[in-house]
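All residue numbers for the sequence shown refer to this note's numbering, where the first residue is 193 and numbers rise by one. Yeah, the Cβ is synthetic: ideal placement off N, Cα and C, and Gly gets one too. From a predicted model like this one, the values you see are computed outputs, not experimental measurements. Reading through the structure tokens given below for one structure.
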Amino acid sequence: MKIYFEDQFMPAILERGYTYFSENHVHDVIVDDNTYSATILGSEIYETSVTVENNTVISMECDCPFASEHGNCKHMAALCYTIESSIVGIKYEEQIKKLIASLTEEEMCNILIKLCKKEENYDMVKNMQKPHAIDDLLLQQIDDLLEQLQYPLNYNQMMKCFNETEKIINKLHKLSTADQFPYLLSLMELKNLDENENFYEFYEEVKEMFYDGIYDEEPIYLDWFWEQMSHPSTCDDDIWDIFYELFDTDTCMIHLKNMLSNCENKEDKKILQQAIDSCN
Numbered sequence: 193m194k195i196y197f198e199d200q201f202m203p204a205i206l207e208r209g210y211t212y213f214s215e216n217h218v219h220d221v222i223v224d225d226n227t228y229s230a231t232i233l234g235s236e237i238y239e240t241s242v243t244v245e246n247n248t249v250i251s252m253e254c255d256c257p258f259a260s261e262h263g264n265c266k267h268m269a270a271l272c273y274t275i276e277s278s279i280v281g282i283k284y285e286e287q288i289k290k291l292i293a294s295l296t297e298e299e300m301c302n303i304l305i306k307l308c309k310k311e312e313n314y315d316m317v318k319n320m321q322k323p324h325a326i327d328d329l330l331l332q333q334i335d336d337l338l339e340q341l342q343y344p345l346n347y348n349q350m351m352k353c354f355n356e357t358e359k360i361i362n363k364l365h366k367l368s369t370a371d372q373f374p375y376l377l378s379l380m381e382l383k384n385l386d387e388n389e390n391f392y393e394f395y396e397e398v399k400e401m402f403y404d405g406i407y408d409e410e411p412i413y414l415d416w417f418w419e420q421m422s423h424p425s426t427c428d429d430d431i432w433d434i435f436y437e438l439f440d441t442d443t444c445m446i447h448l449k450n451m452l453s454n455c456e457n458k459e460d461k462k463i464l465q466q467a468i469d470s471c472n
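Right, here's the structure in full:
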């Protein structure tokens, strides 16, 4: 289906947008009435939306720096090309989602079994288990933030880091708990920003998610917790608080003595012995 949008872009931007479209940088397209929203994967991750009426693009938005400073960007163009190529398919997809939602688990399994008898369908289902491309970009964004935080920040730089972190956390909410874990680990290192009151709320939210997982004895969180406890001299005070909250005094003593017997680092031994003495 043809939609009209080309005259709203500079030729060079339109060309880059088509490249993004053809190289499958447009993901997670959602339709709400006549507005199409999508995640565009490039050097960073951007949220883009386009509204279409009577086969004409009437408005576009993107949270990339280029759009805020110069107007229509390549991410908008990429989404326009995507809409033009699959506008019927997207609406049809919504109908399929409603149909799937009405199926029982057994009915859904039977359908997948039949589909997977064809090799190409089996490969498609198998590949769905692989991490989404957005995961690697999220990790890269966090790494970039950590690198920025190695240097003194003025207020504007700090607010920029906070805004970028907010976007990351919003995207993390779309992932499963298990998929969130490695990114939450990295975000825990962002406490350099805790002087910023707004960021501190996010940091506390991240910590709460971790600690709830530990108290609920979820393996991935417990593994991380015991890894932290294996290096007591560098262990955060919050981790020690959890340790004493998780166990009664006798159990704490047993764990501390076991850790001490397996410890080789002098500083760690000193900390563990002090903890044992405080339990007596």
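One Cα belongs to Y413, the other to K352, and the distance between them is close to 30 Å. Comparing alpha-carbon positions, the option among F402, K458 and P411 lying closest to H423 turns out to be K458.
Cβ-Cβ separation between K194 and E245: approximately 14 Å, too far for a contact (criterion under 8 Å).
Straight across, the Cα-Cα distance linking E298 with I292 is about 12 Å. For the 8 Å CB-CB criterion, A259 and Y212 do not form a contact.
The alpha-carbon separation between S241 and D224 amounts to approximately 10 Å. Between L452 and K461, the beta carbon gap of about 6 Å places them in contact (Cβ cut-off 8 Å). Fully contained in the region 245-314 are the following beta strand (DSSP E) runs of length 3 or more, in chain order: 248-254. Around the beta carbon of A230, 16 or more other beta carbons sit within 10 angstroms, so the residue counts as buried. Take the alpha-carbon of D220 and the one of C444: they are about 47 Å apart. D404 sits in a helix when the DSSP states are folded into three classes. Taking C-beta separations shorter than 6 Å and ignoring five residues to either side along the sequence, the partners of C265 in its chain run C254, C256, F258 and A259, following chain order. For Y436, no beta strand (DSSP E) segment is defined; the enclosing uninterrupted segment is the alpha helix (DSSP H) at D429 to L438. Comparing C-alpha distances from H267 to each of N216, M401, Y436 and I303 shows the shortest one belongs to N216.
By the Cβ-count criterion, C455 is buried, with 16 or more other Cβ atoms from all chains shown falling within 10 Å of its own Cβ. In the DSSP assignment, V218 is bridged to I232. In this structure, L448 and A467 form a Cβ contact; the two beta carbons are roughly 5 Å apart against a cut-off of 8 Å.
In this model, S251 and E261 are separated by some 16 Å (Cα to Cα). By the beta-carbon neighbour count (other beta carbons within 10 angstroms, threshold 16), W416 is buried.
The shortest C-alpha to C-alpha distance from Q420 to any of I222, Y210, W432 and R208 is the one to W432.
Sequence-distant partners of Y436 (beyond 5 residues in either direction) whose C-beta falls short of 7 Å from its own C-beta, in its chain, are C444.
Per DSSP, reduced to three states, the secondary structure at D225 is coil, with no helix or strand assignment. Within its own chain, the residues whose Cβ lies closer than 7 Å to the Cβ of Y238, once the five positions on either side in sequence are excluded, are I232, C254, D255, C256 and H267, listed in chain order.
Counting along the chain, T426 sits inside no alpha helix (DSSP H), nor does DSSP assign it H or E at all. Just so you know, the alpha carbons of L206 and F197 end up roughly 10 Å apart.
DSSP, reduced to helix, strand and coil, places I463 within a helical segment of the structure shown. Partner residues in the beta bridge of I237, as assigned by DSSP, are L233.
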